[in-house]
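Visitor: Numbering (UniProt numbering), first residue to last: 1 to 299.
Here a beta-carbon is modelled for each residue, glycine too, at the ideal position from N, C-alpha and C.
In this text the structure is predicted, and so the values were computed from the model without any measurement.
Sharing a structure with you now.
Listed below in structure tokens is the structure:
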């Protein structure tokens, strides 16, 4: 059984046949003519057939060589085209970018990026799935996710996106007029609080700072919801006190539809992060988003 030959040997043979010269083909490939001649004899030995007629003036393909070239030349052209296309895609990112994003992250930091990002990279299609659970992005086929930093696994690479996000404790003026204003977080236990439940089923404990130390409070009330928009609406309607993203409540506070309480007890803001596996090659579309975020958020 003859030894197999590799693509570089076949490409070298095609170069010699094209130039009808070992010297010219060798110059093109950056090797010596003698090394190229030796390589061609080795190729002929592997195939068990003479491919080139050699004279002192020129080198021409034999009949067998021409038969091989008839198939080889278009095949090499297809390989070259494929490599060029691959390089082109690396230079100009293309394809679909699949993101798994919590709903607050989607509204607060990702939605403002979508229009400018797709305008800057028109060959990239963004597919965004809103998911407040801690889904396994690798198992579900996502390129990346966006969550708060404390939600991330240790083996993930995380890139901050958007400004720090804080929470506020709010209620409708009518509710506070009828039930009083809590002066400390502990007084919330005397009020109707609108709870937050994670998709895992776990109830969220509201976070505050007491004399510089973090504290977490398990509140109770008539409503337990999963969505900040619904929490804000319920608070505006007087159902109780809500603990929501400050950015989402700001306009309602400005309009007087909500009042902030416990301002002096607010916890420190946190950041959303784009996260992705450290064990995978970063797709060009994801790399483009990461670079876009880094370039734009500090302008």
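1. What would DSSP say about residue 1, mapped onto helix, strand or coil?
2. From residue 288 to residue 93, what distance separates their C-alpha atoms?
3. Return helix, strand or coil for residue 278, following the three-state DSSP convention.
4. In angstroms, rounded to a whole number, what distance separates the CA positions of residue 260 and residue 119?
5. What are the residues that DSSP puts in a beta bridge with residue 148?
6. Label residue 102 either buried or exposed according to how many other C-beta atoms from any shown protein chain fall within 10 Å of its C-beta, with 16 as the threshold for buried.
7. Taking only the alpha-carbon atoms, compute the straight-line gap between residue 21 and residue 42 and give it to the nearest angstrom.
8. Would you report the Cα separation of residue 169 and residue 241, rounded to the nearest angstrom?
9. Given a threshold of 16 other Cβ atoms within 10 Å of its Cβ, counted over all protein chains shown, does residue 100 qualify as buried or as exposed?
10. Secondary structure at residue 214, three-state DSSP: helix, strand or coil?
11. So, helix, strand or coil for residue 290, using DSSP?
12. Sort 46, 180, 290, 163 by Cα distance to residue 270 and report the nearest one.
13. Report the rounded CA-to-CA distance for residue 49 versus residue 64, giving the unit in angstroms.
14. According to DSSP, is residue 165 part of a helix, a strand, or is it coil?
15. Rounded to a whole number of angstroms, what is the C-alpha to C-alpha distance between residue 109 and residue 226?
16. Consult DSSP for residue 70 and reduce its assignment to one of helix, strand or coil.
17. Determine the direct distance from the alpha carbon of residue 45 to that of residue 1, and round the result to whole angstroms.
18. Report yes if the CB atom of residue 194 is closer than 7 Å to the CB atom of residue 248, and no otherwise.
19. If distances are taken between C-alpha atoms only, which option among 74, 69, 184 comes closest to residue 216?
20. Could you check the C-alpha separation between residue 299 and residue 96 for me, to the nearest Å?
21. For residue 268, is the classification buried or exposed, using 16 other Cβ atoms within 10 angstroms of its Cβ as the cut-off for buried?
Guide: Taking the structure as given:
1. Because the pLDDT at residue 1 is just 40, under 50, the model does not fix this residue reliably, and the value given afterwards should be weighed accordingly. Per DSSP, reduced to three states, the secondary structure at residue 1 is coil, with no helix or strand assignment.
2. Within the model, the alpha-carbon separation for residue 288 versus residue 93 is close to 7 Å.
3. DSSP, read as helix, strand or coil, puts residue 278 in coil.
4. Take the alpha-carbon of residue 260 and the one of residue 119: they are about 38 Å apart.
5. The partner list for residue 148 (beta bridge, DSSP) reads 272.
6. Around the beta carbon of residue 102, 16 or more other beta carbons lie within 10 angstroms, which makes this residue buried.
7. One alpha carbon belongs to residue 21, the other to residue 42, and they sit about 17 Å apart.
8. Each residue's alpha carbon lies about 7 Å from the other.
9. Per the 10 Å Cβ criterion, buried.
10. DSSP places residue 214 in strand when its eight states are reduced to three.
11. In this structure, DSSP gives residue 290 a helical state, which the three-state scheme calls helix.
12. Of the listed residues, the one whose Cα sits closest to residue 270 is 163.
13. Cα to Cα, the separation comes out at about 7 Å.
14. Here residue 165 sits in strand by DSSP.
15. Cα to Cα, residue 109 sits roughly 19 Å from residue 226.
16. In the structure shown, the three-state DSSP call for residue 70 is helix.
17. In this prediction, residue 1 scores a pLDDT of 40, lower than 50, which makes its location untrustworthy; no coordinate-derived value is stated.
18. No, Cβ-Cβ distance for residue 194 and residue 248 is not below 7 Å.
19. If we check each option's Cα against that of residue 216, 184 comes out closest.
20. Its pLDDT being 46, under 50, residue 299 is placed unreliably in this model, and the value from its coordinates should be taken loosely. C-alpha separation (whole angstroms): 27 Å.
21. By the neighbour-count rule (16 or more Cβ atoms within 10 Å), residue 268 is not buried but exposed.
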